[in-house]
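These notes concern the structure reproduced below.
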Amino acid sequence: MCGIAGVFHLDGIPVDINLIRRMVDSLAHRGPDGEGVYLSGPIALGHRRLAVIDLSLAAKQPMANEDGSIWITYNGEIYNFKEIRHELVKKGHVFSSDSDTEVVIHAYEEWGTACLGRFNGMFAFGLWDEHKKHLWLVRDRLGVKPLFYCQLPRCLLFGSEIKAIICDDRVSRAINCEALAYYLALNYVPAPYTLFTGIRQILPGHYLLVDAAGQVQDVAYWDVVYREDEDRGKSAYIEEFNHLFEDSIRLRLISDVPFGVFLSGGVDSSSVAYWMSRHLDEPLKTFSVGFGEASYDELEYARLVAQSLKAVHHEQIVKADISAVLPKLVWHAEEPTADSSMVAVYYLAQRARQNVTMVLSGDGADELLAGYETYQAYYVHRLYTALPTWLRYRIADLLVNTLSISDAKVSWDTKIRRFLAGGDLSSEDAHAIWRIIFDQDARMNLLAPILDQQDVKANIVDLYRAVFAQTNARHPINRLLYADTRFYLPNDMLVKVDRMTMAHGLEAREPFLDYRLVEYIASVPPRLKLNNFYTKKYLLKVAMRGKLPSAILRRGKQGFNVPNARWIKQELKPIVMDLLSPQRINEIGFLEAGAVNILLQEHFEGRAENSHKIWNLIILVLWWELFINKRSLL
C-alpha cells in the first residue's frame with residue numbers, strides 16, 4: 047500500500063520538481079518505507095512506499111519498463127500477480143523484481159487497457175505511456191483504493207489524497223455547494239464529487255485516459271451483473287461460496303511482512319479470522335477495540351472467537367478523551383466523513399501497527415449479503431404501505447408520541463422516525479430516505495445563508511434513482527444491495543478503512559471484495575442473503591456453521607461503533623459547544639447559526655436524539671478549519 051501523485055502539463059511546460067516533491071511529502075503517512083519521483087518534461091510521477099511485497103529496492107517506484115517508455119506510480123495489491131507474471135514470462139517478458147507493480151507494467155505492454163480484466167486486487171495507479179503521450183489513471187472495481195484528480199487550464203493533477211492536489215496553489219479551495227448538500231444528507235460526499243469545486247474522484251470500476259491534447263475519456267470497465275434466472279439449490283451455493291471465500295483469503299495472505307486481522311466479534315470478521323487460521327502455521331494475530339460500555343462493546347465475543355482459534359489476541363480500549371485526536375481523524379479523512387466508527391478504526395489501526403504491517407478485515411459483507419436492517423425494513427415497508435392510509439397515520443402518530451429518547455447505539459426512536467420518513471414512498475425512494483441524516487427541509491434551514499446557489503438543493507432521492515437505473519437487477523433486494531455497493535460501501539466504509547489504516551502506515555485487505563466473490567454472490571438467490579425476510583447474511587451464517595461458535599452466528603450486527611451520543615452530552619460537550627458556537631458558525635458563513643443552536647438545545651434538553659446530526663456538523667466545522675481556514679489544529 048502506498049501513496050501516489052502526479053502532474054501532467056498539457057502545454058508541454060516542464061513540471062516544477064518542487065511541486066511534485068511537496069505532493070509526495072504530503073502523503074508520507076501512506077508510505078513510510080521510501081519515496082521516489084520521476085520527472086520528464088511535462089510529466090511527473092511521485093510515490094510514497096509502504097513495502098509489503100518484495101521489500102527490496104528493486105520494487106522501488108515510480109517504476110519503468112526496460113526501455114523507459116512506460117512509467118507507473120502504483121498503490122495497492124494485485125493478489126494474482128504470480129499467475130499473471132508466469133503467463134507474461136511465457137510470452138517473453140523479462141522481470142527485474144518480484145513486485146506486482148512490475149506485473150502491471152508488463153500486462154499493459156501485452157494487453158493494453160484490457161489488462162484490467164485480469165487483475166484481482168485493490169489498486170489505483172497512474173501510468174504514463176511515452177510513445178502514445180497519454181496518462182492512464184485507474185481505480186479498482188469496487189473503490190477500495192482512492193484516486194482524486196483536478197483539471198486546471200492545460201494541466202492535470204492526481205493523487206491518492208486531496209492533500210497532494212492542494213499542494214498546488216493554482217487549485218481552488220472553493221466549496222462545492224452540491225457536494226456540501228450531499229454531505230449533510232449522507233454523512234459523506236459521494237464520488238465523483240468532493241467538497242472542493244475543482245477536485246473530483248475517479249469512480250470505482252472506472253479509468254481516465256488523458257492525452258496531450260487535453261482530451262479526457264472516462265471509461266467504465268466493470269460493473270456487477272446480476273444473474274437471477276436460475277436457482278441451483280442451497281447446498282450448491284454454500285459449497286461454491288466457501289470455495290471462493292477461502293480462496294480469496296488465501297490470496298490475501300501473500301505478504302512479506304507480518305499480518306493479522308481486525309476482529310470485531312461479528313460474523314464477518316470472525317469468518318475471515320477462521321479461514322486465515324486454517325492457512326497459517328503459527329497463531330493468528332487478532333486486534334479488537336472496546337469502549338467499556340455494554341451497548342457498544344463486543345470484546346467478549348472477539349475474545350470468544352480468538353480463544354476458539356487459539357489466536358494471539360490484542361485489545362485497545364477507547365476512552366472519551368478524543369478531543370485531541372478528532373482533528374487528526376478529519377485531516378486524514380480529508381473529505382468530511384461523519385461515520386463515528388472512524389474513531390474506533392483509527393485506534394484499532396494504531397494498535398495493530400505496533401505488531402503488524404498488514405491486516406485483513408470483514409468489510410463488504412453487509413453490502414453483498416444483506417447485513418443491514420434496511421433490507422429487512424423493505425419487507426416491513428411493503429406491509430406498511432398495503433395498509434389503509436388512515437391506519438398508517440394512526441400507527442405513525444402512536445409510535446412517534448410514545449417512543450422515548452435513548453443514548454443507545456441506534457435507538458428505536460431513531461429507527462422508527464427514519465422508517466416513517468419513507469413510509470409513503472416507493473421502496474427504492476424509501477431506501478434512499480432511510481440513509482439520510484439531515485432531510486431536505488433541515489438542509490435548507492442549515493444552508494439558509496447560501497440558498498441562492500441552486501446546487502444546494504441537491505436531491506438525494508434523484509441521486510439514488512440514477513444509480514438504480516444502472517443495474518440489471520430485477521429483484522428488489524438485489525437492487526438495494528447494488529445501490530449500497532455503489533454509494534455507502536466506497537464512499538463511507540472503504541474511506542474509513544483506507545484513511546484510518548493509512549494514517550498509521552497499515553495496509554488493510556478486504557477478502558469479501560474479491561471481484562470473483564462479488565460476481566458470484568450477485569448470482570445467489572436473494573432468499574439466501576435475507577432468509578424468510580428476517581435472517582441477514584444467511585448464506586454466510588450457514589456456510590460458517592460448525593466453524594465458528596454458535597453464539598457468534600446467532601448474534602446481531604454491531605461493528606466498531608462508538609458511544610458518541612453519550613460522549614456529546616458529557617465528555618465532548620465543551621468541544622461541541624466551541625465548534626458549533628454562533629461565533630464560529632457565523633465565521634464559516636454557509637451555515638445558519640440559529641438552526642444549529644436549535645439542534646443543540648433539543649439534544650441537551652433531552653427533547654430529541656440529535657447525536658448523529660451534531661457529529662456531522664462538528665466534523666464539517668473541523669474540516670473547514672483545517673482545509674479552508676488553514677488553521678493548525680494537529
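47 is the number of the first residue of the sequence shown in this note's numbering; add one for each residue after it.
Backbone N, C-alpha and C fix where the C-beta goes; we use that ideal spot for every residue, glycine too.
- In this structure, Lys593 keeps its C-beta atom at 9 Å or more from the C-beta atom of Asp314.
- Per DSSP, the continuous beta strand (DSSP E) segment holding Lys331 begins and ends at 331 to 336.
- Annotation for Asn401: no beta strand (DSSP E) segment contains it, and DSSP assigns it neither H nor E.
- Between Leu73 and Val83, the C-beta gap is not smaller than 9 Å, which leaves the two residues out of contact.
- Taking the CA atoms as reference points, Gly306 sits about 11 Å from Leu552.
- In this model, Pro192 and Glu556 are separated by some 15 Å (Cα to Cα).
- When only Cα atoms are considered, Thr383 and Leu230 end up about 10 Å apart.
- The C-beta distance from Leu202 to Val256 rounds to 6 Å, short enough to fall under 8 Å.
- Ile221 places its beta carbon less than 9 Å from that of Phe636.
- Listed as beta-bridge partners of Tyr84 by DSSP are Leu91.
- Taken atom to atom, the span from the alpha-carbon of Ser145 to that of Tyr561 is near 21 Å.
- For Trp480, the enclosing alpha helix (DSSP H) stretches over residues 473 to 480.
- Using a Cβ-Cβ distance cut-off of 8 Å, the stretch 265 to 276 and the stretch 207 to 221 are not in contact, since fewer than three pairs of beta carbons, one from each stretch, lie closer than that value.
- The alpha-carbon of Arg246 is positioned some 9 Å away from that of Phe204.
- At least 9 Å separates the beta-carbon of Met168 from that of His378.
- The DSSP-derived three-state label of Gln263 is strand.
- The alpha-carbon separation between Tyr267 and Val61 amounts to approximately 30 Å.
- Its chain contains no residue whose beta carbon lies nearer than 6 Å to that of Thr159 once the 5 sequence neighbours on both sides are disregarded.
- It is roughly 33 Å from the alpha-carbon of Asp79 to the alpha-carbon of Ala258.
- When DSSP states are grouped into helix, strand and coil, Val371 belongs to the coil group.
- Ranked by Cα distance from Arg187, the options Cys223, Ala504, Ile124 are led by Ile124.
- Across the structure, Ile118 and Asn577 are spaced so that their CA atoms are roughly 46 Å apart.
- Per DSSP, the unbroken alpha helix (DSSP H) holding Val541 starts and ends at 540 to 548.
- Within the same chain, Cβ atoms closer than 8 Å to the Cβ of Lys179 are found at Asp257, Ala258, the five residues on either side in sequence being excluded.
- As DSSP reads the structure, Cys201 sits in a beta bridge with His55, Leu198.
- When the beta-carbon positions are compared, Ala504 and Lys659 stay at least 9 Å from each other.
- Per DSSP, reduced to three states, the secondary structure at Cys213 is coil, with no helix or strand assignment.
- The beta-bridge partner set that DSSP reports for Trp268 is empty.
- Residue nearest to Arg95 within the set Pro572, Pro595, Met548 is Met548 (criterion: CA-CA distance).
- With a cutoff of 9 Å on beta-carbon distance, Phe308 and Ala370 are scored as not near each other.
- DSSP, reduced to helix, strand and coil, places Gln362 within a strand of the structure shown.
- The DSSP-derived three-state label of Pro434 is coil.
- In this structure, the alpha-carbon of Leu103 lies about 28 Å from that of Gly189.
- Out of Gly640, Trp670, Arg185, the CA that lies nearest to the CA of Ile634 is found in Trp670.
- Pairing Ala519 with Leu527 gives a Cβ-Cβ distance under 9 Å.
- Around the beta carbon of Arg600, fewer than 16 other beta carbons lie within 10 angstroms, which makes this residue exposed.
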